[in-house]
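Engineer: In our numbering, the protein residues as written are 10 to 209. Quick reminder that beta carbons are idealized off the backbone N, C-alpha and C, glycines included. Predicted model, so just to flag it, every value in this text is computed and none were measured. Quick one: this structure, given as structure tokens, is what I'll be asking you about.
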């Protein structure tokens, strides 16, 4: 089955939902960098240990992306998307409620797995539901949305740290993850058949 020449609203909304989900994950990843001195004092640990907040997240993202082809062959598209949303959300909850560094690391690994599942799904949707003539535009737009996150992260993290507390880096993104995730899952139900037909 070839992608349609005209991209319908459901597909556009699905792309926006998954791109927003990935954006939230990467935003928090870069926003946490400015909190390292605060976390070092709070948890009485070294910079090397605190840096694992970023390293563990990136390792989880990378490993999950590497496994993306296997996951998409072995599991239903909606299942992967649902797990991605839940991992992103509950990983953030764990981080926001963390009482020590290991809890934050656990939450970040879970969130990293969620982001690592979302990114390949985003481009799967584009390649299966968008015509070849329009794929460059959609890939570029999705890439731009995701690329904004590392740029905005330090400013976001610094502002939150100055005005409130480092935990709000996660708290403020939880409603966004829930909204983007709900939008993505809702629209995924309507386009799964086309994706499965494309794979066959």
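Using a Cβ-Cβ cutoff of less than 6 Å, which residues in the same chain neighbour residue 93 once the five nearest sequence positions on both sides are dropped?
Structural biologist: Here the set comprises 123, 126 and 127.
Engineer: Spatial neighbours of residue 119 within its chain, please: CB distance less than 6 Å, with the 5 preceding and 5 following residues excluded, ordered by chain position.
Structural biologist: The answer, listed in chain order, is 96 and 100.
Engineer: Are the segment 35-50 and the segment 145-162 touching, with three or more C-beta to C-beta distances below 8 Å?
Structural biologist: The answer is yes - the segment 145-162 touches the segment 35-50, with three or more Cβ pairs under 8 Å.
Engineer: Starting from residue 181, trace the alpha helix (DSSP H) both ways and give me its first and last residue.
Structural biologist: Neither: residue 181 is in no alpha helix (DSSP H) and is coded neither H nor E.
Engineer: What are the start and end residues of the alpha helix (DSSP H) that includes residue 61?
Structural biologist: Segment 61-75, the alpha helix (DSSP H) holding residue 61.
Engineer: Buried or exposed: residue 11, going by 16 or more other Cβ atoms within 10 Å of its Cβ?
Structural biologist: Because the pLDDT at residue 11 is just 46, under 50, the model does not fix this residue reliably, and the point stays unresolved.
Engineer: Using 8 Å as the threshold, is the segment 176-190 in touch with the segment 50-58, meaning 3 or more CB pairs across them?
Structural biologist: Segments in contact, no.
Engineer: Run the CB neighbour count on residue 26, radius 10 Å, all protein chains shown included, and call it buried at 16 or more, exposed below.
Structural biologist: Flag for residue 26 reads buried.
Engineer: Suppose the cutoff is 6 Å on Cβ atoms and the five residues either side in sequence are ignored; what does the same chain contact list for residue 33 look like?
Structural biologist: Counting only Cβ-Cβ distances below 6 Å, and skipping sequence neighbours, we find 182, 185 and 186.
Engineer: Compare the Cα-Cα distances from residue 63 to each of 103, 195 and 35 and report the closest residue.
Structural biologist: Ranking the options by Cα distance to residue 63, first place goes to 35.
Engineer: At a cut-off of 8 Å, is residue 90 close to the ligand COA when judged by its beta-carbon and the heavy atoms of the ligand?
Structural biologist: Among the ligands in the structure shown, none appear at all, so the ligand COA cannot be discussed.
Engineer: Can you tell me which of the three DSSP states residue 18 falls into?
Structural biologist: DSSP places residue 18 in helix when its eight states are reduced to three.
Engineer: Would the beta-carbon of residue 110 fall within 9 Å of that of residue 157?
Structural biologist: In this structure, residue 157 does not lie closer than 9 Å to residue 110 by Cβ.
Engineer: With respect to the alpha helix (DSSP H) encompassing residue 171, which residues constitute its N-terminal and C-terminal limits?
Structural biologist: Looking at the DSSP string, the run of the alpha helix (DSSP H) that includes residue 171 is 141-172.
Engineer: Cutting at 7 Å between CB atoms, please list the residues of its own chain near residue 154, excluding the five before and the five after it.
Structural biologist: Hits under 7 Å: 28 and 32.
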